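Peer 1: This is the structure I want to talk about, given as structure tokens.
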Amino acid sequence: MATDTTVTATTREPRRPVLSRLLRDRRARFALPMLSAVILAAAASPLLDARSRATDTDRLLTGPGAVHPLGTDELGRDVLARIIDGASVTVAVATVAVGVALVLGTLLGLIAGYRGGWLDALLMRAVDGLLAFPLLVLALTVVAALGPGLRNALIAIAVVATPRFARVVRGEVLSLRTREWVSAAQIVGVPTWALLRRHLLPHLAGTLGVFAALQASTAIIAEASLSFLGLGVQPPQPSWGAMVAAGTDHLDASWSLSVFPGLAILLTIAAFNLLADALRDALDAHRPDLNPGR
């Protein structure tokens, strides 16, 4: 029992130094406020739903001005209100789609990596089959089968991201299951699911956090691409990708129609990537095996 206590204490090492390093990183100091702004915009989107769909027939395809800070589209709708309203789609993609992929991929990776044998081979061949398709091609295939719309776009992105999480988790579990503390937990009779949940998952948390941030940026690109092609979010609900697509038909009349939603996509993706880099460095600096001098 003492051995089990020691194992548990080892796997639950305090992570406060990681948060401290993360908050001191300049990349995180840009990424966290940017992502917070996107989340706040998504929370405020119901309040601006009516304004984002209201038309101003006296101001069609106008540039930034006092009445409409970022201009209007071809129907006279306020671009700023539509960008804020469209943030809810981006947040849904980054949380729901990536969250589902995280849970399913982690479960598959844990089972495959820990059990090994024929089950590992079977699951990984299925994962390899999905990974063989380019990301957007696979997403387009799923949406084409299910039909356009936000829900089906979320399903498609989750399907695309799940095998990527499974492959990463499996690799980590294959490395961790040979550690002494795993053997100690097995010797004292810790049940398999308790071992996975209490001992292996805490060690995977950092890797999963970094990878989830990277996959969030990839998922946003996928959703924007689907909406750009007309297979994602359907009108009248605004989506940044669909706004960029609509603006390409009117670039000569209003440059801002595509530029501002495109800039929102760019900054959000950059924020997720910078957050992933900052989190990775903070975790690496916290690991004694990577920092012998600590």
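Anchor point for the sequence shown: position 137 equals 293 in my numbering, and the numbering is continuous, going up by one each time. C-beta: ideal position from N, C-alpha, C; glycine also. From a predicted model like this one, the values you see are computed outputs, not experimental measurements.
So, helix, strand or coil for T297, using DSSP?
Peer 2: Looking at T297 - three-state DSSP - the assignment turns out to be helix.
Peer 1: Is the separation between the beta-carbon of G403 and that of E379 shorter than 8 Å?
Peer 2: In this structure, E379 does not lie closer than 8 Å to G403 by Cβ.
Peer 1: Please classify P273 as buried or exposed, where buried requires at least 16 neighbouring CB atoms within 10 angstroms.
Peer 2: Per the sequence shown, the amino acid found at residue 273 is Gly instead of Pro. Classification for G273: exposed.
Peer 1: Can you give me the Cβ contacts of G219 inside the same chain, cut-off strictly under 8 Å, excluding the 5 residues immediately before and after it?
Peer 2: Once the five neighbours on either side are set aside, the close Cβ partners of G219 are G227, S410, W411, S412.
Peer 1: Buried or exposed: which applies to G221, given that a residue is buried once 16 or more other Cβ atoms fall within 10 Å of its Cβ?
Peer 2: Answer is exposed; the Cβ neighbour count stays below 16.
Peer 1: Quick one: what's got a C-beta closer than 6 Å to L216's C-beta in the same chain, skipping five residues either side?
Peer 2: Same-chain partners within the cutoff: G232.
Peer 1: By how many angstroms is the C-alpha of L364 removed from the C-alpha of T164?
Peer 2: At T164 the pLDDT is 43, less than 50, meaning the model places this residue with poor confidence; the figure from the coordinates comes in the next sentence. Taking the straight line joining both Cα atoms gives about 20 Å.
Peer 1: Using 10 angstroms around the beta-carbon of A438, count the other beta-carbons present and answer buried if the total reaches 16, otherwise exposed.
Peer 2: So A438 ends up on the buried side.
Peer 1: Identify, in the order they occur along the chain, each residue of the same chain with its Cβ nearer than 6 Å to the Cβ of A257, setting aside the five sequence neighbours on each side.
Peer 2: Correct list, in chain order: A314, A317, T318, F321.
Peer 1: From which residue to which residue does the alpha helix (DSSP H) around R281 run?
Peer 2: Segment 273–287, the alpha helix (DSSP H) holding R281.
Peer 1: Taking the CB atoms as reference points, tell me whether A420 and I239 lie closer together than 8 Å.
Peer 2: Yes, the Cβ-Cβ distance between A420 and I239 is below 8 Å.
Peer 1: Grab the span of the alpha helix (DSSP H) containing G345 for me, first residue to last.
Peer 2: From DSSP, G345 is part of no alpha helix (DSSP H); its letter is neither H nor E.
Peer 1: Counting only runs that start and end within the segment 367–397, where is the beta strand (DSSP E) found for 3 or more residues in a row?
Peer 2: Runs found: none.
Peer 1: Three or more C-beta pairs under 8 Å: does that hold for the segment 420–430 against the segment 364–376?
Peer 2: The segment 420–430, when compared against the segment 364–376, does touch it at the 8 Å Cβ threshold.
Peer 1: By the 10 Å Cβ neighbour count, where 16 or more other Cβ atoms means buried, how is W349 classified, buried or exposed?
Peer 2: By the neighbour-count rule (16 or more Cβ atoms within 10 Å), W349 is not buried but exposed.
Peer 1: Would you call the CB atoms of L279 and L294 closer than 8 Å?
Peer 2: Taking 8 Å as the Cβ cut-off, L279 and L294 do not qualify as a contacting pair.
Peer 1: Flag G261 as yes if its beta-carbon sits less than 8 Å from any beta-carbon of chain D, otherwise no.
Peer 2: The structure shown contains no chain D; it holds only a single protein chain.
Peer 1: Can you tell me which of the three DSSP states D234 falls into?
Peer 2: Three-state result, D234: strand.
Peer 1: Which residue wins for smallest C-alpha separation from A401, given the options D214, G261, E230?
Peer 2: Considering only alpha carbons, the answer is E230.
Peer 1: T262 by DSSP, collapsed to three states: which one?
Peer 2: It is helical.
Peer 1: Roughly how many angstroms separate the alpha carbons of A300 and L188, rounded to a whole number?
Peer 2: Roughly 35 Å separates the two Cα atoms.
Peer 1: Under three-state DSSP, which class holds T251?
Peer 2: Residue state, collapsed to three classes: helix.
Peer 1: With distance defined between alpha-carbon atoms, name the residue in P202, L191, L260 nearest to V324.
Peer 2: When only C-alpha atoms are compared, the closest one is L260.
Peer 1: Taking 8 Å as the cut-off, decide whether the C-beta atoms of L435 and V366 are in contact.
Peer 2: Contact flag set, yes.
Peer 1: Going by C-alpha distance, which of S244, H406, L306 is nearest L203?
Peer 2: Looking at the Cα atoms, S244 is the closest of the given residues.
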